[in-house]
Ligand SMILES: Nc1ncnc2c1ncn2[C@@H]1O[C@H](COP(=O)(O)OP(=O)(O)OP(=O)(O)O)[C@@H](O)[C@H]1O
Ligand SMILES: [Mg+2]
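Residue numbers (full-length UniProt numbering), protein chains in the order written: chain S, 1 to 318; chain G, 1 to 309.
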């Protein structure tokens, strides 16, 4: 088996939340992410879905080492980066890049597009200033903007154009991993499709591996190879994209799928999302003997393999 | 841009006119006149003759027009307090202490405030942050004359380190400069802190971190640059703002500057000097804001480019 582009092993992030005010504040531990493992094979796109607050962004930020994990390991192309300091991380930063949802605040308003896109080259000392600018301009072309945009400022572009600039900046160092945190959520349908196509093309051309964080299951379906579903800081299901859409096993995944607006208005049911208790009650219970791989019986849900590449959080009964 | 500049200049002229009318009316509506003082009593006949010579017996609007006609020719009249020189000569003398003390106060205070604000933003919720915030709030809320009084009390009376008043040897400058510096330090500290925190929370800073840019370079190349525009543009108005502060500071420290003359001209009903001072400060303020706006437009790409279309 080849080395995955990105691997998270059992990573967790606890935040201290102020629980009581007063003179002596008391703090409560809040597990934003609790023991998440996920693997992005080389040259593939993995979708990370889940409701707001389920810990998707935190997971992505830990993968980038912009948030320090409380525990767990992060491997990039097989190299453990969880303990590296700022200096040790610098070469790793060339391998990993990020694109955010809000394209406006993601670009420094004081810099021209050429400067913005060229900056990663400057940070890593690649080429002369002249070559850097040339490279930046050709990247603007590559993401579908004219070279003449190089002298413009971020506020002069539309949201979709700015997202193209953010993508050019992310990819100019030819990284192997891209974390895309809801890159299309702020865009309208046609622009969204253009950006998705652009990401798809670039992924194929550059052998890129993408962690695509999104709320939008229809986008996830068209773009990704695998889907990881997060719920309250944990992975509850993980499978090939088609398997998730045709054979979801976890009640939370099903609830998410049911929440996709139906194309035909007649098919629309009154939508009501499941409560935490309902989801807990509906957690699959699987007999140990049914499972294709060995698993210890337990009272709490654990991720178990139920088919090729398909894992679900379930209670294993003896 | 040219149209914008012309429009602004017209509004400066209008402001100047309105202020001059208001001040002229207010000045003359204060009861009493220049020769009502008790230390040098004059007879009614002499008083009337003096008033006539200064044109003060004429109707107000005639007096106003006469004065403004002079102003347009850079003739601000002769100060009643010191008839041996023109108002212009007196002002050019009085400017020096005000400019030196107020200028040094702002020039030293602004960078100190920026450093304080940076230290606070980079050590958020630490002792430094609390100290800086408290200091800044005090600096903005305590009136300048109270600050001056405290400085005199602590450093001149109790500790006896520095002279309390006067003008001349540079050791006498230290306390008034400190008093002038309070507002720039406080303003810049507050502003720098909030602008930096705002900037540090934006995704583009996160992206820069993800790209491996060191924290120092993020702060100096990106964060400060974004925060700098208003910092630069507020500098000139703040500099001119010391002119109003000087009224208190110079009275407290007995410095013979503009502020001191401002106070004495009101007391002595020295109309030409009072009018000249107000008009001068008004003009400086208008020009300072005008230049600040131009600097802002010039430095900020969002406005610069938009304005050209
Ligand atoms: N810096 C922080 N301090 C305290 N709590 C935090 C912090 N960052 C995130 N959290 C908490 O961690 C949880 C997960 O947040 P996260 O942003 O990862 O969710 P998300 O899945 O990306 O949500 P969304 O879809 O809304 O972007 C939330 O409950 C959030 O309040
Ligand atoms: Mg998020």
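Yeah, the Cβ is synthetic: ideal placement off N, Cα and C, and Gly gets one too.
(1) State yes or no: is the beta carbon of residue 100 (chain S) nearer than 8 Å to at least one beta carbon in chain G?
(2) When the cut-off is 8 Å and only beta carbons count, does residue 302 (chain G) lie next to chain S?
(3) Once the 5 residues before and after residue 273 (chain G) are set aside, which same chain residues still bring their CB inside 6 Å of it?
(4) When you compare the CB of residue 4 (chain G) with every CB in chain S, is at least one pair closer than 8 Å?
(5) Less than 7 Å between the CB of residue 56 (chain S) and some heavy atom of ligand 2, yes or no?
(6) Counting pairs of Cβ atoms below 8 Å between the region 33-46 of chain S and the region 6-22 of chain S, do you hit three or more?
(7) If we ignore side chains and look at the alpha-carbon of each, how far apart do residue 157 (chain S) and residue 117 (chain S) end up?
(8) CA-CA distance, residue 220 (chain G) and residue 133 (chain G)?
(9) Got a sec, what are the start and stop residues for the beta strand (DSSP E) residue 210 (chain S) sits in?
(10) Assuming residue 331 (chain G) contacts residue 121 (chain G) (C-beta within less than 8 Å), just tell me the rounded distance between them.
(11) With DSSP run on the structure shown, which of helix, strand or coil describes residue 14 (chain S)?
(12) Bridge partners for residue 310 (chain S) per DSSP, in chain order?
(13) Count the other CB atoms, across all protein chains shown, that sit within 10 Å of the CB of residue 141 (chain G); report buried if there are 16 or more and exposed otherwise.
(14) The alpha helix (DSSP H) with residue 11 (chain G) in it runs from where to where?
(15) Any heavy atom of ligand 1 closer than 7 Å to the beta-carbon of residue 15 (chain S)?
(16) Which residues share a DSSP beta bridge with residue 231 (chain S)?
(17) When burial is assigned at 16 or more other CB atoms within 10 Å of the CB, is residue 101 (chain G) buried or exposed?
(18) Nearest chain S C-beta to residue 203 (chain G) closer than 8 Å, yes or no?
(19) How is residue 308 (chain G) classed by DSSP in three states: helix, strand or coil?
(20) Locate the beta strand (DSSP E) running through residue 150 (chain S), then write down its first and last residues.
(21) Under 7 Å from any heavy atom of ligand 1, does the C-beta of residue 72 (chain S) make it?
(22) For a contact defined as C-beta to C-beta under 8 Å, what are the partners of residue 93 (chain S) on chain G?
(23) Could you tell me which of S:153, S:125, S:187 and S:121 sits nearest to residue 169 (chain S), measuring between CA atoms?
(24) So, is residue 306 (chain G) buried or exposed, given that buried needs 16 or more other C-beta atoms within 10 angstroms?
(25) Against chain G, with Cβ distances strictly below 8 Å, would residue 178 (chain S) count as a contact?
(26) When you measure from the CB of residue 181 (chain S) to every non-hydrogen atom of ligand 2, does any distance come out below 7 Å?
(27) Any heavy atom of ligand 1 closer than 7 Å to the beta-carbon of residue 144 (chain S)?
(28) Taking a Cβ distance cut-off of 7 Å, strictly less, list which residues of the region 276-290 of chain S are near chain G, in chain order.
(29) Would you mind giving the Cβ-Cβ distance between residue 54 (chain S) and residue 69 (chain S), rounded to the nearest angstrom? I have them listed as a contact below 8 Å.
(30) May I have the straight-line CA-CA distance separating residue 231 (chain S) from residue 245 (chain S), to the nearest angstrom?
(31) Give the DSSP-derived three-state secondary structure of residue 77 (chain G) in the structure shown.
Reading off the structure:
(1) yes
(2) yes
(3) Within the same chain, residue 273 (chain G) has close Cβ partners 79, 87 and 265.
(4) no
(5) yes
(6) yes
(7) 14 Å
(8) Straight through space, the alpha carbons of residue 133 (chain G) and residue 220 (chain G) are spaced by roughly 22 Å.
(9) Start and end: 209-213.
(10) The requested residue 331 (chain G) is not part of the displayed model; chain G covers only 1 to 309.
(11) Residue 14 (chain S): strand per DSSP, three-state reduction.
(12) S:307
(13) exposed
(14) 2-29
(15) yes
(16) S:234
(17) By the 10 Å Cβ count, residue 101 (chain G) comes out buried.
(18) At least one C-beta of chain S is nearer than 8 Å to the C-beta of residue 203 (chain G).
(19) Its pLDDT being 41, under 50, residue 308 (chain G) is placed unreliably in this model, and the value from its coordinates should be taken loosely. Residue 308 (chain G) falls in the helix class under three-state DSSP.
(20) Taken as a continuous stretch (DSSP letters only), residue 150 (chain S) belongs to no beta strand (DSSP E), as it is neither H nor E.
(21) no
(22) 210, 211 and 212
(23) S:121
(24) Confidence is the limiting factor: at residue 306 (chain G) the pLDDT is only 44, short of 50, which leaves the residue's position unreliable, though a coordinate-based value still follows. Its Cβ having fewer than 16 others within 10 Å, residue 306 (chain G) is exposed.
(25) no
(26) At least one heavy atom of ligand 2 is nearer than 7 Å to the Cβ of residue 181 (chain S), so yes.
(27) A distance criterion of 7 Å places the beta-carbon of residue 144 (chain S) beyond contact range of ligand 1, judged by its closest non-hydrogen atom.
(28) none
(29) Their Cβ separation, rounded to whole angstroms, is 17 Å, which puts residue 54 (chain S) and residue 69 (chain S) out of contact at 8 Å.
(30) 17 Å
(31) coil
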